[in-house]
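Residue numbers (my numbering), protein chains in the order written: chain A, 744 to 1021; chain B, 6 to 278; chain C, 4 to 358.
Note that beta-carbon positions come from the ideal geometry of N, C-alpha and C, so glycine has one too.
Working notes, structure below.
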Amino acid sequence: MPLILFLLVFLGFPAVVNLVYSVSDVSFETLRQPAYAGLKNFASVWNDAAFWQASWFSLRFGLLTAVLECLLGLFLAIFLSPLIERRSWLLAILMLPLMVAPALVGLMYRLVLHEFVGPVPYYLWAYLGASVSFLGPGSAFWTLVVVETLQWTPFTLLLFYMAYQAIPSEVTEASAMDGARGLQRLWFIELPMMGPTIAAALLIRFIDGFRVFDNVYVLTGSGPGGSTASLSIYIYEAFFKQGAIGKAVAASVILFVASFMVLYGLNALAGRKKGAKR
Amino acid sequence: MIAALRWFVFALAAIALNFPVLVTLSTSFKSARELSGNPGLWVNAPTLENYMTVFHVSDRLNIFLYLFNSLAVATLGTVLAVVLALPAAYAIARGKFGERTLLPLIVNLRAVPLIIFAIPLYMMFQWLALLDTRLGLGLILAIVNLPLALVILVNAIRDLPAELEEAALMDGASRTQILLKVVAPLCRPAIVTSLIFGFITAWNEFLFGLMLTTSKAVPVTVGASFFFAASGGGVQWGVASAVMMVGALPPMLLGLVMYRQISGSMTAGAVKG
Amino acid sequence: MGTISLNKAGKRYGAVEIIRDLDLEIADGEFVVIVGPSGCGKSTLLRMIAGLEETTSGQIAIDGRDVTAASPVDRQLAMVFQSYALYPHMTVRENMGFGLKLAKVPAATARAKIEAAAATLKLTPLLDRYPKELSGGQRQRVAIGRAIVREPVGFLFDEPLSNLDAALRVDMRLEIAKLHRTLGATMIYVTHDQVEAMTLADRIVVMKDGRIMQQGSPRDLYEKPANLFVAQFIGSPKMNLLACRRRDGEQLDLSGEGNLALSMPGAAAPEQVGARPEHLSLVAPEAGHCRGVIEASEYLGGNMSVFVRAGRLGLINVSAPADTPFRVGEAVGVHIDPARASLFDSLGAAIGARQ
């Protein structure tokens, strides 16, 4: 099948290159004659404080944005569903941020938050008489969290709205007959029925937040002081800025193994749950 | 009363979520002079001069090249992904092949950080002389688009009644004929959805564009960031905003027109994947 | 020509045997109906004949040619599916012509064949419509038309009427019967509906658990069921089964609730008497073969279905005239028509009937 050939060339081959180079002493000059170097590259990654800082950033960023996006998306989906039901084009307006390239959104925030031409600092000065250095140390992480959350909340909103609509009306009617009121119905009936979707949304958003690159890269690079380098940016900079091919590739392999382990673990878990339900 | 509150929340959400786009849109209509005195959302004297500058080709910024590159790589990356995914999806959906291994592998691919493949692909492209070519970037974008296209198509084919294919078999159709004359026409909505979704994803992709192109094949997402980085004496914010609007507009329009299909496919990809 | 013969044909999925060593000979032009409860393997058998399911043991031959391993199209059979399986993106004309187009039949010939078939099935005004614009009965006719134009040696029907409402089902049943008379082609028809089986078949094949329980004309199956399964499966309402023991000579003791004299072979040891409701009648309490009290009765228009509680014999269903004088709660006698009763031994096989 053509698909398999294609995958072999564009994924199989890179995987092999990754593995070979990760245990080799290699630079841009010696690309074609990699010398075996054992686990040296892995050791240099392991002992690099920046690697651990980037891992911590990615983990924190992924978890925080996933939770915030899901909470906000859940609230909006349920609270606004009476409006959207009757006018589905409202959904199109809320979905619009999903259509814009994250890299462009990152660039747009450079404008939005700019100390002289950005509306946010301007309005803050005008109404509060003070503003914050949004991309400075201490606040850069939170700014990025807000930027990511505002772009991707529409995704969770969409998912939750669909799941909410898919709850059969008989079930909510039956619970109403059983005497469940608004919030009780939400808590005991509707949220549990949306459980699988919420879990899926958390997972997807965590993964996307964990591997974040585009918007962070254009907004802060990795600064200030490497404090906003995600793992993706760490690997990119090791390769392009430092020319440390071995280190970059070793970090890729670690990331690859870690993500596949997590994914297959989750798949197996989901599969068992499904089996148990039957 | 509660209805009014709902509308208020909606308006707040619509503005907050779209805030960067609104700001950029407003800034793109401001003259340099107005910008320095009025960073707010309201435009006092709207002007098109920023857009005139953008569409005036110069050495530093060739927006037409970037747009053409984005169009070409997104089209290649989308069409190729669907062409590759359709036969595979048919085989997988009918349980003939790869349901246990290939499907989860490709679906999980969607969740793997792309940077992992970027470095070896960079080296490979160097050997194959595919760096900074539209062909090279298009091929990679096909990989990026494959997982979702496959999931959408597998689901669509699974929903087709098997009796239809059996009827075609009784009519003397071969597997290929069944795929092309029965399955593909019936999956047209799913194919269209994969194409739209893939096009938007590919158009908006940044990492591979950044790594694998330098000048000739630069897509608009990367081109816009060049514009920021290259401006020595400070960014011309009005022109920069116009560039970003031009780069963001095609997928936004596509999204506005096709939001129903897109919302459906997002749910499918998320829950079934 | 269109003879189809199965020789020890079998189908297994792993350890599960769906069809076991099945022998079946179908003559040219015969209308064979395969009936059985769901899960008996009747649809699998049809699909094996069609070539849609692999035959894992034995042979299938069409007109003497071994087609066990042949592809569906090489068998020159046509099939009408339960869901009709019309191609939704093609018009009626294109649906009917798809097979001809694949077989590279010249366009003019194909056109003539399609129009002839459409005329037979009264589809001519609908030829350029799409399936979604047709009613259930019209779709059904298109599915049949698609089969006809290919001029197959045999037609296979897989529960073709089960998606239609009751009135339409009767009409289509008559049309299919007429079609069989006009075309004179071999037809194999799978259904779980015994009325369809009785009305359409030259020969009925009753299946259970992947085996043939009995085959024969509708009348044979109704009057001389070979075993308890067929006796209970054919006929509506179901045949009554009364536990009995042979006393002496040709006298039967009906569980101590009555007596019945019946001619039977000398060595036979019947354990149950089978009597259809329509072969029983209500009489005065002392005049019947057994007695009981009417527990319920259902008015069905043309007749009355009466349930008599008869001690150890249990509930007996009697078909009485609509104006029967007996009322619920009354004691009655039940008369059994000895000429139409069947006897079954301890294994459930009929005594004296031909196998």
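In this structure, Leu807(A) lies away from Ser246(B), with their beta-carbon atoms at least 8 Å apart. Taken in chain order, the whole beta strand (DSSP E) runs of length 3 or more contained in the stretch 203-227 of chain C are 206-211 and 214-219. With three or more CB-CB distances shorter than 8 Å, the stretch 136-156 of chain B counts as touching the stretch 208-222 of chain B. Leu945(A) is the residue among Met936(A), Ser876(A), Tyr779(A) and Leu945(A) whose C-alpha sits nearest the C-alpha of Gly805(A). Excluding sequence positions up to five before and after Gln894(A), its CB lies within less than 6 Å of the CB of Pro840 and Val848, all in the same chain and listed in chain order. Annotation: the continuous beta strand (DSSP E) that includes Ile339(C) extends over Ala334 to Ile339. Look at Gly100(B): its C-beta is not under 8 Å from any C-beta on chain C. Counting only Cβ-Cβ distances below 7 Å, Ala846(A) has contacts in chain B at Phe211, Thr226 and Ser230, in chain order. Residue burial annotation: Phe101(C) is buried, with at least 16 other C-beta atoms found within 10 angstroms of its C-beta.
The beta carbon of Gln266(B) sits no closer than 8 Å to any beta carbon of chain C.
In the displayed model, Ser8(C) falls within a strand according to three-state DSSP.
The beta strand (DSSP E) runs lying completely inside the stretch 27-107 of chain C and spanning 3 residues or more are 34-38, 60-65 and 80-83, given in chain order. Per DSSP, Val331(C) is not a residue of any alpha helix (DSSP H), being assigned neither H nor E. In this structure, the alpha-carbon of Pro256(B) lies about 16 Å from that of Phe69(B). In the structure shown, Arg23(C) adopts extended strand secondary structure according to DSSP, grouped into three states. The beta carbon of Ala172(B) falls within 8 Å of a beta carbon belonging to chain C, placing the residue at that interface. For Ala758(A), the enclosing alpha helix (DSSP H) starts and ends at Phe756 to Ser765. Annotation for Thr29(B): the continuous alpha helix (DSSP H) segment containing it runs Phe24 to Ser33. DSSP, reduced to helix, strand and coil, places Leu815(A) within a helical segment of the structure shown. Beta-carbon to beta-carbon, Ala12(C) and Ile63(C) are separated by about 6 Å, close enough to satisfy the 8 Å threshold. Within a 10 Å sphere around the beta-carbon of Gly82(B) sit 16 or more other beta-carbons, which makes this residue buried.
At a cut-off of 8 Å, the C-beta of Phe202(B) has no neighbouring C-beta in chain A.
Judged by DSSP secondary structure, Ser918(A) falls within the alpha helix (DSSP H) whose first and last residues are Ser912 to Met920.
Between the stretch 205-223 of chain C and the stretch 242-249 of chain C, the count of C-beta pairs closer than 8 Å stays below three; the two stretches do not touch. Listed in chain order, the positions of the stretch 68-90 of chain C with a beta carbon within less than 7 Å of a beta carbon of chain B are Pro75, Val76, Ala81, Met82, Phe84, Ser86, Ala88 and Tyr90. Any Cβ of chain A closer than 8 Å to the Cβ of Asn49(B) would place that residue at the interface, and such an atom is absent. Excluding sequence positions up to five before and after Ala344(C), its CB lies within less than 6 Å of the CB of Val276 and Ala278, all in the same chain and listed in chain order. Of all C-beta pairs linking the stretch 851-870 of chain A to the stretch 7-27 of chain B, three or more are shorter than 8 Å, placing the two stretches in contact. Look at Ser970(A): its C-beta is not under 8 Å from any C-beta on chain B. Among the residues facing chain A, Val188(B) is not included, as its CB has no counterpart in that chain under 8 Å away. Out of Glu162(C), Glu118(C) and Leu167(C), the CA that lies nearest to the CA of Asp196(C) is found in Glu162(C). Contact between the stretch 174-188 of chain B and the stretch 916-927 of chain A is absent: fewer than 3 CB-CB pairs across the two stretches fall below 8 Å. Per the C-alpha coordinates, the member of Val70(C), Ile7(C) and Met99(C) positioned closest to Ile117(C) is Met99(C). In the three-state scheme derived from DSSP, where H, G and I count as helix and E and B as strand, Asp951(A) is classed as helix. Boundaries of the beta strand (DSSP E) around Arg312(C): Asn306 to Arg312. Boundaries for Ala272(C): no beta strand (DSSP E) harbours it, and the DSSP string shows neither H nor E there.
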